[in-house]
Amino acid sequence: MELIDLSDYPALRYAPLSDGEVLDRGLSIGRLPPGQYALALRRGNTIHLARDPVGCSKLFFGRNREGDLVVGNRVVRVWQRGVPLAAIASCPPGQVLEVSRDGAAKVAGQELCDVRADAGLSVAAFQVEVRATLDRAFAWLAREFEGCQFAVCLSGGLDSSLIASFAAAHLPGVAAVSFTYLDADDLRRHALGAPAEQLASASEDLKAAARVASALGLPLRPVVRPGDAVAGAIGASVRLCQDWRDFNVHCATVNLFLAQDIRAAFPGRKVVVLTGDLVNEYVCDYREERVGDAVYYKVPRVPADRRRRYFVRGLDAGDREIGVFWAYGLIPCQPFAMLAESYMRVPAAMLDQPDIKWTLNAPLLAPEALPHVSKTKTRAQVGGKDMGTLGIYHRLGVGEAVLRRIWREQFPGEPATACDELIEFGRYKPPRYTSGR
Amino acid sequence: MTGALRTADLVAKMADYILSQHPSRFTAQTLPHDQSLLELGVLDSAGVIEFIVFVETTWEIQISDEDITKERMGSLDKMAALVQEYAARKS
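Taken in order, these protein sequences are the chains called A and B. Numbering-wise, the working numbering puts 84 at position 84 of the first sequence, and it's gapless, one number per residue. Numbering-wise, the working numbering puts 511 at position 74 of the second sequence, and it's gapless, one number per residue.
Take a look at the structure:
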């Protein structure tokens, strides 16, 4: 069986580990190291697939009509190489699979959701651990990407401000980027030199980001768009984030605008884009949103530990960060991927506390940034007047039916059911295992 | 039937939950047992999670992530079979 490996997403392991060493670690101790990676490795007649524990990097595979194993980060590329959609599966996060002519067998790995919560967790010890892990991760980034441009996506909220704090402390020449919609008058004023954060129609996110960036000594590059820009970004948002579900598509649209301007600001340079994603899933800090009578981003009414389980396992599906930024040749970096196990040990009783994220993470901020960080809980795609990107999609009448149609249009000739079944129960479709552990 | 858990009882209890917590056009007489409640529009993605947690809590089981698939959970009948399987493993 030939291996056709179309994987091209950058791998970040935050340690000097080769693909082979990552695989060997998974096979020997049963757990893969943290990071952002998806790999396919042939050794003799054996082909192994492995994917990071959070599922940051996507990994699709299937056999084409010639019997070759086609592997890739983008499902559409695997499909374009002759694998029918119904035959494409995803390697689940944190798993090592052995793939043969007979099918796929799970040979090692661990589900993140199986990490046991620590009922006696000490917040102080947690913070020491998180700080040490982030210090190591950023030291590795400084070495690995020496000479590169660094950009941090900053909303002015706690998670991105924490990443910006560590970036400012460890990395040279970091630029902060922050997004806002502006109305037509303010777009003109901005084009004539008015700072975006001082304009009336700028989002509160941008204003908070400007204060945090200033406190950290980072130059801020506002990324501005008129609300009208969304209509032209919908198709690319669906395709690049490999998802049709609104919460991921809306976020992908914001990231798309950020990616476009970061790429334009640093032409020809290798740019590492840092984001503060993942903590909201780890501490299940999400709420549903209402626009008029419509309810979006519904949150299941279940106990906090169960909610966390489904938020975290749901990180498997959707590619709103790496898929979007990498499409513009930018290297996406999600340092909180290094901390998944630490956060999974936070007990359910703590998750139910108001402001738990603030309790856990605020002491890790650079002290000069702390007074400027916004405590308002706002998703990136909701920030701004009239509910930001979500509000614009709503007013355009672009809901799940339209997004699903755009998704299906990528696969002409495939039945709708095969397109839809790529995501089932919140995860990319796993393989039908032949055997294994 | 497996052990003390009869398929018909399991399905009836699940159907009661669905009909009371997620009102739809279906009744106890018309709610399909062999079709996906997600595809029928009875449950949305949040509702599916609530349903899984209901099943786990009611029958004191923890469904493994690898069993959360359409193949294993794609209808009330399949859910009942899954509960029987987990219950049998416990006993």
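No residue lacks a Cβ here, since even glycine has one placed at the ideal position from N, Cα and C. From a predicted model like this one, the values you see are computed outputs, not experimental measurements.
- Within the model, the alpha-carbon separation for residue 6(A) versus residue 448(B) is close to 45 Å.
- Judged by DSSP secondary structure, residue 95(A) falls within the beta strand (DSSP E) whose first and last residues are 95-100.
- Per the C-alpha coordinates, the member of 66(A), 143(A), 303(A) positioned closest to residue 16(A) is 143(A).
- Taken in chain order, the complete alpha helix (DSSP H) segments of 4 residues or longer contained in the region 473-520 of chain B are 482-495, 507-510.
- Each of 472(B), 461(B), 521(B), 494(B) was checked against the Cα of residue 303(A), and the nearest Cα belongs to 494(B).
- Taking a cut-off of 8 Å for Cβ pairs, the region 409-426 of chain A and the region 70-87 of chain A touch, as three or more such pairs fall below it.
- A contact is defined here as three or more CB-CB pairs under 8 Å, and the region 394-401 of chain A fails this definition with respect to the region 191-201 of chain A.
- Below 8 Å, enough C-beta pairs join the region 171-189 of chain A and the region 138-158 of chain A to call them touching: three or more.
- When the Cα atoms are used, residue 116(A) and residue 245(A) turn out to be separated by approximately 30 Å.
- Distance check between residue 315(A) and each of 33(A), 23(A), 22(A), 55(A) places 55(A) closest, using alpha-carbon atoms only.
- Runs of the beta strand (DSSP E) spanning 3 or more residues and lying entirely within the region 150-201 of chain A occur at 174-181, in chain order.
- By the criterion of a C-beta distance shorter than 6 Å, residue 66(A) is surrounded by no residue of its chain, once the five residues flanking it on both sides are discounted.
- Taking 8 Å as the cut-off, the beta carbon of residue 81(A) is found no closer than this to the beta carbon of residue 163(A).
- Look at residue 416(A) here: in three-state DSSP terms it is helix.
- In the assembly as shown, residue 429(A) is a buried residue. Its beta-carbon has 16 or more other beta-carbons within 10 Å.
- Taking a Cβ-Cβ cut-off of 7 Å, the neighbours of residue 506(B) in chain A comprise 424, 425, 430, given in sequence order.
- Using a Cβ-Cβ cut-off of 8 Å, residue 152(A) does not count as an interface residue toward chain B, since no Cβ of chain B sits closer than that to its own.
- With a beta-carbon spacing of about 6 Å, residue 273(A) and residue 262(A) fall inside the 8 Å limit used to define contacts.
- DSSP places residue 266(A) in the coil class of the three-state scheme, outside both helix and strand.
- In the DSSP secondary-structure assignment, residue 424(A) is bridged to 427(A).
- For residue 181(A), the closest alpha carbon among the candidates 426(A), 391(A), 413(A), 415(A) is that of 391(A).
- DSSP, reduced to helix, strand and coil, places residue 46(A) within a strand of the structure shown.
- C-alpha of residue 18(A) to C-alpha of residue 24(A): approximately 10 Å in a straight line.
- For the region 398-421 of chain A, the residues whose beta carbon sits under 8 Å from a beta carbon of chain B are, in order, 421.
- If you check the CB distance, residue 324(A) and residue 252(A) come in under 8 Å.
- Looking at the DSSP output, residue 271(A) sits in a beta bridge with 149(A).
- The beta carbon of residue 490(B) sits closer than 8 Å to some beta carbon of chain A.
- Of 410(A), 338(A), 356(A), the smallest CA-CA separation from residue 135(A) is found for 338(A).
- Residues of chain B with a Cβ closer than 7 Å to the Cβ of residue 298(A) are, in chain order, 481, 483.
- Among the residues of the region 104-134 of chain A, those with a Cβ less than 7 Å away from any Cβ of chain B are 111, 113, in the order of the chain.
- Taking 7 Å as the cut-off between beta carbons, the residues of the region 300-319 of chain A near chain B are 300, 301, 302, 306, 310, 313, in sequence order.
- Sequence-distant partners of residue 515(B) (beyond 5 residues in either direction) whose C-beta falls short of 7 Å from its own C-beta, in its chain, are 509.
- Spatial neighbours of residue 111(A) in its own chain (CB-CB distance under 7 Å, excluding positions within 5 residues in sequence) are listed in chain order as 94.
- For residue 75(A) against residue 242(A), the beta-carbon gap comes to about 6 Å, under 8 Å, which counts as contact.
- In chain order, 38, 59, 91, 93 place their CB closer than 6 Å to the CB of residue 51(A), counting only its own chain and leaving out the 5 sequence neighbours on each side.
- DSSP places residue 106(A) inside the beta strand (DSSP E), whose first and last residues are 103-109.
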